[in-house]
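K.L.:
One structure coming up, written as structure tokens, with questions to follow.
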Ligand code: FES
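Residue numbers (the working numbering): 1013 to 1155.
What follows is the structure, given as structure tokens:
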């Protein structure tokens, strides 16, 4: 069993999983290994936000966004949403937001499309994007 597997099993045994497990790897390993691996939470993203809840009701307004579990969830039109990782593909900073038009990294200005494709000269690497589905006031975000 490799050291990495053992560490993974050990962290899992402590209850770490998903994004928090990735964060532990990033903190423990060299930064370059983080940049070369998948950009954003590695495990399956699947959560719901209740848009009738005051914490998430901004998503009823086009152009607004919330960040949940390191995922940027944006209301991009009257009928649609988009979701991408908060972790930028440029230098791995957790600084991606939605600026009303694009996903935008406040660190060095990289921009990304609704599907996470790079749209600036800052980086040519995409960021992970997620599916969204609205049912009533419940918005599901999933991989
Ligand atoms: S880390 Fe996002 S633009 Fe540099």
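C-beta: ideal position from N, C-alpha, C; glycine also.
Give the list of continuous beta strand (DSSP E) stretches no shorter than 3 residues that lie fully inside the stretch 1054 to 1078.
P.N.:
1058 to 1062
K.L.:
Going by Cα to Cα distance, which pick from 1136, 1135, 1153 and 1137 is closest to residue 1143?
P.N.:
1153
K.L.:
Judging by CA-CA distance, which residue of 1149, 1109 and 1102 is the nearest neighbour of residue 1134?
P.N.:
1102
K.L.:
Using 8 Å as the threshold, is the stretch 1069 to 1089 in touch with the stretch 1107 to 1123, meaning 3 or more CB pairs across them?
P.N.:
Yes, they touch.
K.L.:
Beta strand (DSSP E) containing residue 1155: first to last residue?
P.N.:
Neither: residue 1155 is in no beta strand (DSSP E) and is coded neither H nor E.
K.L.:
If contacts are defined as beta-carbon pairs under 8 Å, then residue 1140 and residue 1096 qualify, I think. What distance do you get, rounded to the angstrom?
P.N.:
7 Å
K.L.:
Shorter than 6 Å, the distance from the beta carbon of residue 1066 to the closest heavy atom of ligand 1, or not?
P.N.:
no
K.L.:
Our contact map puts residue 1126 next to residue 1094 with C-beta atoms below 8 Å; I'd like the distance itself, whole angstroms only.
P.N.:
Rounded, the Cβ-Cβ distance is 4 Å, consistent with contact.
K.L.:
I'd like to confirm something about residue 1106: is its beta-carbon nearer than 6 Å to some heavy atom of ligand 1, or not?
P.N.:
Residue 1106 Cβ: outside cutoff for every heavy atom of ligand 1.
K.L.:
Alpha carbon to alpha carbon, how far is residue 1132 from residue 1120?
P.N.:
11 Å
K.L.:
In the DSSP assignment, find the beta strand (DSSP E) that holds residue 1097 and state where it starts and stops.
P.N.:
1093 to 1097
K.L.:
Tell me which residue opens and which closes the beta strand (DSSP E) that residue 1087 is part of.
P.N.:
1083 to 1087
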